[in-house]
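K.L.:
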Amino acid sequence: MPCTRTEIPLRSIPAGDGRVRQKWGLQVGTDRLEIYRGKCPCGAGDVSIVFCTPDHPWPTQSKWFETSISCGSCSKKYSLVEQNKAFVLIEKEEEHAREELWREYLHRSKALLSSPEVGELLQELEGLLEYQPSMAACHRILSAHGLDYYSIGTFRKKWSGASDWIKNNIGVHNLENVMKLLGKGSVVIERELRSLEELYENYKKPFPIIGTPLVDVSNYRD
Ligand SMILES: [Zn+2]
1117 MPCTRTEIPL RSIPAGDGRV RQKWGLQVGT DRLEIYRGKC PCGAGDVSIV FCTPDHPWPT
1177 QSKWFETSIS CGSCSKKYSL VEQNKAFVLI EKEEEHAREE LWREYLHRSK ALLSSPEVGE
1237 LLQELEGLLE YQPSMAACHR ILSAHGLDYY SIGTFRKKWS GASDWIKNNI GVHNLENVMK
1297 LLGKGSVVIE RELRSLEELY ENYKKPFPII GTPLVDVSNY RD
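Note that the sequence shown covers residues 1117 to 1338 in my numbering.
1) Could you pull the start and end residues of the beta strand (DSSP E) that residue 1194 belongs to?
2) For residue 1195, count neighbouring Cβ atoms within 10 angstroms of its own Cβ and tell me buried if that reaches 16, exposed if not.
3) Just the Cα atoms here: how many angstroms apart are residue 1241 and residue 1336?
4) Would you check if the stretch 1295-1308 and the stretch 1277-1286 touch, i.e. whether three or more CB-CB distances between them fall below 8 Å?
5) Can you name the residues that DSSP bridges to residue 1181?
6) Residues in the same chain with beta-carbon distance under 6 Å from residue 1160, minus the five sequence neighbours each way, listed in chain order, please.
7) Counting by C-beta, which residues lie closer than 6 Å to a heavy atom of ligand 3, in chain order?
8) Given a cut-off of 8 Å on the beta-carbon distance, is the pair residue 1192 and residue 1207 in contact?
9) Looking at C-alpha atoms only, which residue of 1284, 1308, 1298 is the closest neighbour of residue 1220?
10) Taking DSSP as the reference, what is the three-state secondary structure of residue 1331?
11) Mind checking whether residue 1147 and residue 1169 have CB atoms under 8 Å apart?
12) With DSSP collapsed to three states, give me the class of residue 1325.
13) Near residue 1318, what residues of its chain come up, given a Cβ to Cβ distance below 7 Å and the 5 sequence neighbours on each side ignored?
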């Protein structure tokens, strides 16, 4: 099942914005290394990919890529994205279609979670948890059904009542486990979960790429 991740496929930061970044209250510069330069698909301009790291001696995880397409018509038509550890050119239309899928996924997930059918299930789960004699008993039930992965110590620290726990931990990714725990099935919920899963898979599919991958960036991601 899809998890509730909210990120969209990694996009590069457009070039040209401030060469100086504010870090820990100090002005620091950026080291830039062009790792790819080639012609755009129509041949009138250049495609460039630059690897950036902060120009200071302190350890940091912060590194990023800046990409640009100097050709006006190609920059309208294509996007540069990182996919399978390489930068590739894709149709902008594909990118927009993917963003639309993601919006639909979020919208329908939210709708499902606030539907009366799911509301009833969660009400029942809340009742079951409140009925337990101890936090340890709640933890046992939830862990046994793949709904909690924390140790009992962490679970205790996080616990602030059944209702809060449900609000913070149940989503479309584990709704099926809730149904199993309660021994309840729902054709309506299950059908929508399948459909959401399909939607998510389409969203996560690799983009069809234009030409061949431009540059392998696996070495820059370690
Ligand atoms: Zn071009």
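The beta-carbon is built from N, C-alpha and C at its ideal position, and this holds for glycine as well.
P.N.:
Short version:
1) In the sequence shown, residue 1194 corresponds to position 78, counting from 1. Annotation for residue 1194: the continuous beta strand (DSSP E) segment containing it runs 1194-1199.
2) Locating residue 1195 in the sequence shown gives position 79, where the first residue counts as 1. Buried is the call here.
3) By 1-based counting over the sequence shown, the position of residue 1241 is 125. By 1-based counting over the sequence shown, the position of residue 1336 is 220. The C-alpha of residue 1336 is placed about 46 Å away from the C-alpha of residue 1241.
4) The stretch 1277-1286 is not in contact with the stretch 1295-1308.
5) Reading the sequence shown from its first residue, position 65 is the one you call residue 1181. DSSP lists 1167 as the beta-bridge partner residues of residue 1181.
6) In the sequence shown, the residue the question calls residue 1160 occupies position 44. So the qualifying residues of the chain are 1187.
7) The model depicted lacks ligand 3 and carries ligand 1 instead.
8) Taking the sequence shown and counting its residues from 1, one reaches residue 1192 at position 76. Taking the sequence shown and counting its residues from 1, one reaches residue 1207 at position 91. In this structure, residue 1207 does not lie closer than 8 Å to residue 1192 by Cβ.
9) Taking the sequence shown and counting its residues from 1, the one referred to as residue 1220 is at position 104. Ranking 1284, 1308, 1298 by Cα distance to residue 1220 puts 1308 first.
10) What you label residue 1331 is simply residue 215 of the sequence shown in a count that begins at 1. Assignment of residue 1331 by DSSP, reduced to helix, strand and coil, places it in the strand class.
11) Looking up residue 1147 in the sequence shown gives position 31. Looking up residue 1169 in the sequence shown gives position 53. Going by C-beta atoms, residue 1147 is nearer than 8 Å to residue 1169.
12) By 1-based counting over the sequence shown, the position of residue 1325 is 209. Judged by DSSP in its simplified three-state form, residue 1325 adopts coil rather than helix or strand.
13) For the purposes of this step, residue 1318 is taken as residue 202 along the sequence shown, with counting starting at 1. The residues are 1217.
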